[in-house]
Amino acid sequence: DHGSTFGGNPLSAAVGLAALELLEKDRLIERSAELGAYLLERLRRIESPLIRDVRGKGLWCGVDFDPDRVHARVVAERLVRAGVLTKDTHETVIRFAPPLVIEKSEIDWALEVFQQVLDELVEKHPAAILSGS
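Residues in the sequence shown are numbered from 3 upward in steps of one, following our numbering.
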């Protein structure tokens, strides 16, 4: 016999159907595309010598930093202290992955904080950027 932990489980099937119905009813896929395009466009407008590239799909966006200037973890740690949760990946990238129910005003606020963190790193702590001090 070949099976899975969720195969044939009526409760799991009902939960899956309910999740699909919610995605459709609340237009969460369309919302992800619309707000993701907005997030990506706003991220690309941010000017900083620390940023090397910005990319994304839906509400999943990555900002790639110049490894000679800053470690992604330094940026992510400063962002979380300021109230914005991101994930550092592969030393040079931070990932923005907000919830599907985020509002435009919340994206705007998070990106204002992001710009402030980048500006502070460049202006006030140039020697501490790589070390995370």
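Ideal Cβ placement from N, Cα and C applies to all residues, glycine included.
According to DSSP, residues forming a beta bridge with residue i
| i | result |
| --- | --- |
| Thr-91 | Val-95 |
Closest residue to residue i among the options (Cα-Cα distance)
| i | options | result |
| --- | --- | --- |
| Cys-63 | Asp-70, Ile-53, Leu-52, Leu-41 | Leu-41 |
| Arg-97 | Glu-79, Lys-106, Lys-89 | Lys-89 |
| Leu-102 | Glu-26, Val-72, Arg-80 | Glu-26 |
| Val-124 | Ala-99, Asp-70, Asp-28, Val-82 | Asp-70 |
| Lys-59 | Glu-23, Ala-16, Ser-34 | Ser-34 |
Chain-order list of residues whose beta-carbon lies under 7 Å from that of residue i (same chain, five-residue window excluded)
| i | result |
| --- | --- |
| Arg-54 | Asp-66, Phe-67, Asp-68 |
Same chain only: Cβ atoms within 8 Å of residue i, ignoring 5 sequence neighbours per side
| i | result |
| --- | --- |
| Ala-84 | Val-115, Gln-118, Val-119 |
| Ile-104 | Leu-37, Leu-61 |
| Asp-121 | Ser-50 |
| Arg-44 | Ile-109, Asp-110, Leu-113 |
| His-92 | Ala-74 |
Expected contact under 8 Å - CB spacing of residue i and residue j to nearest Å
| i | j | result |
| --- | --- | --- |
| Ala-74 | Val-95 | 5 Å |
| Leu-52 | Val-72 | 5 Å |
Sequence-distant residues of the same chain with beta carbon closer than 6 Å to residue i, five excluded per side
| i | result |
| --- | --- |
| Ala-112 | Val-86 |
| Pro-100 | Leu-61 |
* Asked: At what residue ranges does the segment 54 to 118 contain a whole run of the beta strand (DSSP E), taking only runs of 3 or more?
  -> 62 to 67, 89 to 91, 95 to 98
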